[in-house]
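> Going by my numbering, the first residue of the sequence shown is number 2, and it counts up by one from there.
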Amino acid sequence: ILILGESFVPESDSSHFCKPAAVVTSNDGTNIYIADMDMVKCTYC
2 ILILGESFVP
12 ESDSSHFCKP
22 AAVVTSNDGT
32 NIYIADMDMV
42 KCTYC
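1. For D14, count neighbouring Cβ atoms within 10 angstroms of its own Cβ and tell me buried if that reaches 16, exposed if not.
2. Short check: CB of H17 to CB of G30, under 9 Å?
3. Three-state secondary structure (DSSP) at P21?
4. Have a look at V10 and A23 and give me their C-alpha separation to the nearest angstrom.
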């Protein structure tokens, strides 16, 4: 299990997510993108 941040904490940085809704990886698997619904952001990890 890989933990990338803390859920249900509304902050604009990349380590807090209010309501994470989707996780997508790049085609080569080197990047992870996380969509956060309440903060309207897409975080790149």
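Every residue gets a Cβ at the ideal spot worked out from N, C-alpha and C, and that includes glycine. All figures in this text were calculated on a predicted structure; none of them were measured in a lab.
Reading it off the structure:
1. The residue you call residue 14 lines up with position 13 of the sequence shown. Result: exposed.
2. Working through the sequence shown from its first residue, we reach residue 17 at position 16. Working through the sequence shown from its first residue, we reach residue 30 at position 29. Cβ atoms of H17 and G30: not closer than 9 Å.
3. As a working mapping, residue 21 is identified with position 20 in the sequence shown. Strand, per DSSP.
4. Taking the first residue of the sequence shown as position 1, residue 10 is located at position 9. Taking the first residue of the sequence shown as position 1, residue 23 is located at position 22. Roughly 16 Å between the two C-alpha positions.
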